[in-house]
Each structure stands twice: as C-alpha cells, then as structure tokens.
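> Protein chains in written order, with this note's numbering: chain A, 154 to 446; chain B, 154 to 446. C-beta: ideal position from N, C-alpha, C; glycine also. Let me give you the structure first, and then I'll get to my questions.
Protein chains: 2
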Amino acid sequence: MEKLDVIGGGSLGLLYAGYLSEQWDVTLYTKTEEQANAIKQKGILVYKEASLRFFPKVKPISSYVDKGHLAIVTLKEYQLSSIMPILKATCRPLLFIQNGMNHLKMLDKLTAENVFLGVVEHGALRLNENTVHHKGEGKTKVSVWRGEKTFLSSLLTYNKQFPFVYEDDWKEMLLGKLVINILVNPLTALYKVENGVLLENPYFLQNMRALLNEVHNVLELKDVESTFKNVLTICKNTKDNRSSMLQDLQNKGITEIDAIVGYVLEEAERKKIETPLLSFLYASIKGLEKGES
Amino acid sequence: MEKLDVIGGGSLGLLYAGYLSEQWDVTLYTKTEEQANAIKQKGILVYKEASLRFFPKVKPISSYVDKGHLAIVTLKEYQLSSIMPILKATCRPLLFIQNGMNHLKMLDKLTAENVFLGVVEHGALRLNENTVHHKGEGKTKVSVWRGEKTFLSSLLTYNKQFPFVYEDDWKEMLLGKLVINILVNPLTALYKVENGVLLENPYFLQNMRALLNEVHNVLELKDVESTFKNVLTICKNTKDNRSSMLQDLQNKGITEIDAIVGYVLEEAERKKIETPLLSFLYASIKGLEKGES
Chain A
154 MEKLDVIGGG SLGLLYAGYL SEQWDVTLYT KTEEQANAIK QKGILVYKEA
204 SLRFFPKVKP ISSYVDKGHL AIVTLKEYQL SSIMPILKAT CRPLLFIQNG
254 MNHLKMLDKL TAENVFLGVV EHGALRLNEN TVHHKGEGKT KVSVWRGEKT
304 FLSSLLTYNK QFPFVYEDDW KEMLLGKLVI NILVNPLTAL YKVENGVLLE
354 NPYFLQNMRA LLNEVHNVLE LKDVESTFKN VLTICKNTKD NRSSMLQDLQ
404 NKGITEIDAI VGYVLEEAER KKIETPLLSF LYASIKGLEK GES
Chain B
154 MEKLDVIGGG SLGLLYAGYL SEQWDVTLYT KTEEQANAIK QKGILVYKEA
204 SLRFFPKVKP ISSYVDKGHL AIVTLKEYQL SSIMPILKAT CRPLLFIQNG
254 MNHLKMLDKL TAENVFLGVV EHGALRLNEN TVHHKGEGKT KVSVWRGEKT
304 FLSSLLTYNK QFPFVYEDDW KEMLLGKLVI NILVNPLTAL YKVENGVLLE
354 NPYFLQNMRA LLNEVHNVLE LKDVESTFKN VLTICKNTKD NRSSMLQDLQ
404 NKGITEIDAI VGYVLEEAER KKIETPLLSF LYASIKGLEK GES
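In structure tokens:
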C-alpha cells in the first residue's frame, strides 16, 4: 500500500485525507496537536448524504517525517509560507491544489524533482476540527509542472466517487479555474449571495460579463465564449453553494483575493493594461476583510 | 401668515412640515388618508435631543387645493410621476428638493412661472407615519431655476434652527450634492457600512477616489480636489449615519440609483465616455434592489 501525505487539516485536507485513506496509507499533517489528537480519537467525519468515518494516521506538522510516496499540499496559498522550510527540504513528489497562480512563484525554490498541480472542483465546508461537509461533488484535475506523470498514476486510477483526471496543459487548467474564481468569488462575496444568484439576476450577470472582458484583456483567453459558458455551468451546478470567499469573509476575514485577483492585477501592471473593475473589486474585498476581521 | 404647502409625508415631508409650521400656515399633503388622519390626531413628532410636536394642517394629496404661496415638493424623484397631474396644473411657486438631476427633465412641462430647486443637507429617518428622527443638522440650499427670488425671501429669513441658504448657481449646487451622493451612497449601500467607514478604511477610500475620477471625466467638475475634500468633510460630519441608499435597500428595495448614477451614465453615453466603475456600481445596486425586494 503506497504511503500518501496530506498536509493541512482544513476542509480540503479533511476531505482528501478521508476519502484517500480507503486506498492509500494516508498520514494527515495538521497545524495543531489538538486537531491531530481529536482526529486520532474520533476519526475524520465526511458528511454527504450519509456520514462516512475514516481513520487515517494523523500527526501535527511539527513532527513531519519525509517518507510518503506523494504529498498533497492542501493549505491555502496565503498559508504556504508557514511550511516552506518543510516543502523546500523534501524530495518527495508534491501535488499543490491551491487556488490562483501566486503559489507558482515559489515552486522554483523547491528541491523536489516531481512537482504537480491540481485544481479542485469539490465543494467542501469544514464544520469542526474533524468534520467536513462534502457539499458539491466534482473532480480533481491534475497536471505535471515538472517531473514524471507516473507518480500520479495510482491517483488517476482511484475510484469514481472521488475522481482524479489528468490534464496535459497545467497552465490552461489553472487559468480555467482562475477565471471561475475571479468571476464567482468576489461578486458573491460582495453581494452576499449564493453562486446561482449570479445567473438569475440579470444585473449581476451583466457585471460578471464586464469582469470577464477585463480578465480577457489581461490573460488573453483562448476562447472567451466557451470560458463564459463554462463559468455559467459551474454557477448552475453549485447554485446553492456559498463561495469560499463569501464564507471566508463571514468566518475569519482572510480571503484568497491576492492569489486570485491579485495575480491578474500584477499581470495587468506588467502589460500596462488598465483594469478599473478588477482594481475596484480587489480593494472592495480587501476593505471588507479589514471590516470583518 | 403666508400659506405653505408641503407635498409628501416621507421623512423630509414630516421634517419640513413640522419645523416650518412654527412660522408659516402649513398644509401637509400625504399620500394616504390614513396618514393624514394619524397626523391630525397625534401631530408630527420630530425627535432630536428632545421631542418636538407640531400641528400643521394635513390632507390627503387626493384633495389637493391650489392655494398656498409656495409648495415644497418633498417626494423622491421616482415618486414624482404619481403627482404630475397636480404639479402640471398648479400656478403656485414650486420648490423641488429631490436628489439627483433626473427631475430637471420634467420642469419644462410645468406651467408655474416660479420654479426653485433645493438640496437638503439634513439627515432624517422616518420612524413611523407621524414621527421623524432628525439625525443630522444641516442646511437647505435653495436656488432659482426660473422666476423671481422674492418668493423665497421668507424662507431665507427663517430661524437658525432650520436654516435656508441662497445659492446663485443652481447647477453648481445640484452637481455638488450629486457628487456627494454618487461617492457616498452606492458604496455605503454595497459595503453595508456607515458613512464614516469610507474614510477610515483605506481600501474603500481608494475606491471612492477612483469613482470621483470617473465622475470628473463625465461632469468636468471645476475643482476636483476641493470637491473631494468636501465629500470627505460630509462623510466625517455624518460618520454614524447610514446613507439613504443603504436604508432604502434594507427597507424596501427601491433606491435613488437612477436619479443619481443613472443621470451620470446618460451624460457619459451622450459624450461617449467609458465609465466601467459607474456602470458596475449601477448594475450592482439595481441587482441588490431586485434581491431585497
């Protein structure tokens, strides 16, 4: 049985460590000893229609041992710096599943020969330190950033309840998710609405479209219309979900706005393109973070 | 004692009919017979530090008699069409104190020879059909749109507790108020914050500034810096107030966004100037209206 490390005990960490422990020898690394102890005793509870309980190994990240065949890093982008010493030192293949593009900047600093990227299409909401609500079923798309695809093969043959799908072009894959995040997250956070409202409300839909035009100016998307269709489909499939950015504002005030919109603003500055809407949205979310914190 | 009509029983109607009945023979015209009866029995209650009670005459607008020396029209811009038959027919001098610039379009249709404009700097919140909370003390600025200034003279000598001040240039006067309304109202409504937060939060302040630049492109303000300073002063003086647009969204869903931002968007279209932020804000507030209604 292959050894797999899952780093981070947030909603995605619990979800991945839980499901993957059915087939792998999983060790979940949590930020705190308290969370590790709680999961040792009570297991990970994944709540969907029914409740599933999993018992992977679990340790605090402070006692990290570099021994898994693959490590999945589930922390949010703004949390990565706290575990950089561990990431820099490890030789294990690493799979990063952060939103946005900001984490790409640090990949060059890693010694690991095999580095993979993934995008997550699941809806997940952490209810407490050992419970996660699997709110929306989706796929995990994975791609090679550097190294050998073979290290991903056992994930790719994993069961259909929690599927992994291979993508050839990591940049296309990340950009596709980035556009969804830019169009859905800040607007739902600003208007405090579920994803589906963006489709149903013609004024909000109009703003989503205006935002896409600005994003396209900067990122030069290959096919704007099919990109927009894809965003609308995601909104429809997740219509009752509250986006992670809306949840983050309501819970703790820190969002992924820098990884998502911040990245496009940097690109725009580099290319000397004006982005009034993206700048306005960025400042709006940063301002609301400040207000809610 | 001069006869004065106050048309409309909203927060401003109650405030003006109340205070002015100390010196004038005021008749307040309300939308409903119920409100007229309630005020006949209980009077108008103006709540400031202490409560003041006034007993002007009061009638439902359906029994309007064209007899006052001056009529002050206190309805919101989007309510004016409902009383256009009365306004069109009257020969009395009329004073309009609506926000925005949209009501200017209908002034040409009036037969009255003396038409005046005003802007209100009071904070007022209607608590029930006969009670208004006078939340912020300010002035009423008045100017001549057409006709003779003399019809305003007794207002201009009115007491210092509720002062009227004459302005030579009605357009400057309205534009000054318009800019304040554009910068403060939609942003406070969007972020759901009191006016003062726009000053304290550097991100919101940045967006207010970006918005001013767009407004200036369209309206060609004479002095942008002093305009901005003026807006900041108003924000400071009314820091604990919730703007009328925020209140409107929270109460009934209809706002003055058309009279305020809609006017600038029409001007921009006429002048072929792009206004991404104003368009985004307009659609945001229209979308939120739809959501809250």
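#1: Counting only runs of 3+ residues fully inside the stretch 229-275 of chain A, write out the beta strand (DSSP E) ranges in chain order.
#2: Output the boundary residues of the alpha helix (DSSP H) element that contains B/Leu374.
#3: Which chain A residues are close to B/Ala363, counting only those with a beta carbon under 9 Å from its beta carbon?
#4: For the beta strand (DSSP E) containing A/Lys294, list its first residue and its last residue.
#5: B/Ile214 and B/Lys262: beta carbons closer than 8 Å?
#6: Within this structure, are the beta carbons of A/Leu247 and A/Trp323 separated by less than 8 Å?
#7: Under the rule that 16 or more other beta-carbon atoms within 10 Å means buried, what is A/Met361, buried or exposed?
#8: Output yes if chain B places a C-beta closer than 8 Å to the C-beta of A/Val346; else output no.
#9: Does DSSP put B/Ala277 in a helix, in a strand, or in coil?
#10: Check whether the Cβ of A/Asn404 lies closer than 8 Å to any Cβ atom in chain B.
#11: Are the Cβ atoms of A/Lys294 and A/Gly276 separated by less than 8 Å?
#12: I'd like the span of the alpha helix (DSSP H) that includes A/Ala421, first residue to last.
#13: Measuring CA to CA, which of B/Trp177, B/Gly162, B/Leu157 and B/Asn283 is closest to B/Asn312?
#14: Distance cutoff 8 Å, beta carbons only. Does B/Val350 sit that close to anything in chain A?
#15: With which residues is B/Tyr344 paired in a DSSP beta bridge?
#16: Using a Cβ-Cβ cut-off of 8 Å, state whether A/Gln359 counts as contacting chain B.
#17: Closest by CA to B/Ala363, which one among A/Ser437, A/Ile197, A/Leu331 and A/Gly300?
#18: For my contact list, A/Tyr200 and A/Thr284 are in at a C-beta cut-off of 8 Å; report their separation, rounded to the angstrom.
#19: Over what stretch of residues does the beta strand (DSSP E) that includes A/Ala224 continue unbroken?
#20: State buried or exposed for B/Thr341, treating a residue as buried only when at least 16 other CB atoms are found within 10 Å of its CB.
#21: Can you look up A/Lys210 in the DSSP assignment and give me helix, strand or coil?
#22: Helix, strand or coil: which one does DSSP assign to A/Ser396?
#23: Per DSSP, which one or two residues make a beta bridge with B/Lys302?
#24: Can you look up B/Ile407 in the DSSP assignment and give me helix, strand or coil?
#25: In three-state terms, what does DSSP make of A/Asp108?
#26: Grab the span of the alpha helix (DSSP H) containing B/Val350 for me, first residue to last.
#27: With a threshold of 7 Å, establish whether the CB of B/Ser215 neighbours any heavy atom of the ligand SAM.
#28: Alpha carbon to alpha carbon, what distance is there between A/Val346 and A/Asp401?
#29: Mind pulling the chain A residues with CB within less than 7 Å of B/Lys424?
Here's the rundown:
#1: 247-249 and 268-273
#2: Where B/Leu374 is concerned, there is no enclosing alpha helix (DSSP H), given that its DSSP letter is neither H nor E.
#3: Pro429, Ser432, Phe433 and Ala436
#4: Taken as a continuous stretch (DSSP letters only), the beta strand (DSSP E) holding A/Lys294 covers Thr293 to Arg299.
#5: A distance of 8 Å or more separates the beta carbons of B/Ile214 and B/Lys262.
#6: No, they are not a contact pair.
#7: buried
#8: yes
#9: strand
#10: So no, A/Asn404 is outside the interface.
#11: no
#12: Tyr416 to Arg423
#13: B/Trp177
#14: yes
#15: Paired residues: none, contrary to the question.
#16: Yes - at least one Cβ of chain B is within 8 Å of the one on A/Gln359.
#17: A/Ser437
#18: 6 Å
#19: Residues Leu223 to Val226.
#20: Classification for B/Thr341: buried.
#21: strand
#22: coil
#23: Note: B/Lys302 sits in no beta bridge, so no partner.
#24: coil
#25: Only positions 154 to 446 of chain A appear in the structure, and residue 108 of chain A is not among them; the question remains open.
#26: Val350 to Glu353
#27: Summarising the ligand content, the structure contains no ligands, and the ligand SAM is consequently not present.
#28: 13 Å
#29: Those do not exist, as B/Lys424 stays about 18 Å from chain A at its closest Cβ, beyond 7 Å.
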